[in-house]
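Residue numbers (our numbering): 5 to 355. Every residue gets a Cβ at the ideal spot worked out from N, C-alpha and C, and that includes glycine. Everything numeric in this text was worked out from a predicted model, so none of it was measured.
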């Protein structure tokens with residue numbers, strides 16, 4: 005039931021949320037060299053009230069890999085900084101031109117366009133400094149920097165936004181899926197990867213860290229396969245290949261590669277379902293609950309899942325994706341109820 009999904013997610017958010025908020029506050033005190041207005045704009049966007057889905061995923065992934073949520077806090081803060089930067093820039097007049105975000109004026113409305121651009125730039129750079137200096141073990145820090153750079157870079161987040169803005173793009177389902185696997189899906193996948201990296205302990209080979217530093221290309225998800233009623237769709241071997249992970253070079257690497265593959269399978273489907281629900285909310289949500297203007301995508305003729313599939317089919321696909329995502333969690337050695345509750349909540353959310 006929707007109420008149960010929301011309650012379960014709220015319990016996990018209440019358990020982990022204070023740690024996330026405290027880390028974001030502590031890790032965004034930039035020091036005397038940062039101009040006061042720039043620091044204010046960065047913290048305004050980073051600390052704005054939100055669901056903290058990506059930081060929660062990082063902490064829950066660490067738990068699911070039998071690690072400590074506390075060890076994953078630098079990863080959680082770093083991915084939220086990248087997310088906040090992307091929202092600041094997406095909202096700019098030259099991009100999506102939004103004036104409301106998380107229930108209050110967007111950064112460029114509150115601080116001016118130039119300061120907003122610089123605030124986004126500052127958050128992006130700060131995320132990598134944080135991973136490089138505070139994510140442990142040190143190998144996790146450099147692997148995390150590499151994989152987050154891929155997720156935020158020209159082939160993932162930035163490239164997805166470029167294609168989303170391109171009026172000449174092909175208006176079909178593969179194009180839409182490709183855009184959102186990069187725009188939304190890449191940050192969700194990397195949140196899980198970063199959390200898992202914080203849980204890795206030796207002995208593992210250097211090849212494991214090299215493998216973990218590659219996010220892998222977005223793999224198209226077959227709508228027909230996800231909608232099927234046959235065997236479970238997750239395979240550690242095939243999904244490891246899809247995630248860009250090579251065969252294990254040492255026996256100790258095998259479990260970790262399987263864990264990374266399971267999280268990637270979960271994250272790819274969660275990210276796609278998350279975007280489908282976002283599109284559905286734009287059609288039938290309420291602006292007060294969403295904290296942003298709704299109906300803009302439809303009015304602008306943007307490519308969305310409801311426009312291509314219809315609202316009922318889009319909602320059905322989102323539910324099937326979540327079911328498939330949850331299948332993969334059985335392979336993980338630690339508690340996965342947090343990841344499952346978050347996935348169920350994605351389907352029922354109204355903002």
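Give me the DSSP bridge partner(s) of residue i.
i	result
residue 105	108
Classify residue i as buried or exposed, calling it buried when 16 or more other Cβ atoms lie within 10 Å of its own Cβ.
i	result
residue 186	buried
residue 11	exposed
residue 175	exposed
residue 36	exposed
residue 234	Note that residue 234 scores a pLDDT of 48, beneath 50, so its modelled location is shaky and nothing firm can be said.
residue 137	exposed
residue 71	buried
Nearest to residue i by alpha carbon, out of the options?
i	options	result
residue 127	87, 104, 114, 30	87
residue 135	336, 321, 197	197
residue 255	321, 211, 31	211
residue 118	97, 106, 131, 137	97
residue 263	284, 141, 204, 323	204
residue 108	52, 287, 308	52
residue 141	123, 79, 307, 116	79
residue 336	16, 76, 66	66
residue 215	168, 269, 143	143
residue 75	268, 307, 145	145
residue 17	61, 225, 72	61
residue 280	308, 46, 13	308
residue 225	269, 259, 38, 213	269
Is the separation between the beta-carbon of residue i and that of residue j shorter than 8 Å?
i	j	result
residue 199	residue 64	yes
residue 219	residue 276	no
residue 348	residue 271	no
residue 139	residue 221	no
residue 170	residue 208	no
residue 92	residue 49	yes
residue 151	residue 274	no
residue 69	residue 314	no
residue 282	residue 165	no
residue 42	residue 129	no
residue 285	residue 319	no
residue 195	residue 83	yes
residue 188	residue 132	no
residue 312	residue 177	yes
residue 81	residue 27	yes
Between the region 111 to 126 and the region 156 to 170, do three or more beta carbon pairs fall short of 8 Å? no
So does the region 98 to 107 actually touch the region 22 to 32, counting three or more Cβ pairs closer than 8 Å? no
Contact between the region 339 to 353 and the region 311 to 330 is defined here as three or more beta-carbon pairs at a separation below 8 Å; is this criterion met? Result yes; three or more Cβ-Cβ pairs closer than 8 Å.
Report yes or no: do the region 175 to 184 and the region 47 to 62 share at least 3 C-beta pairs separated by less than 8 Å? Short answer: they don't touch.
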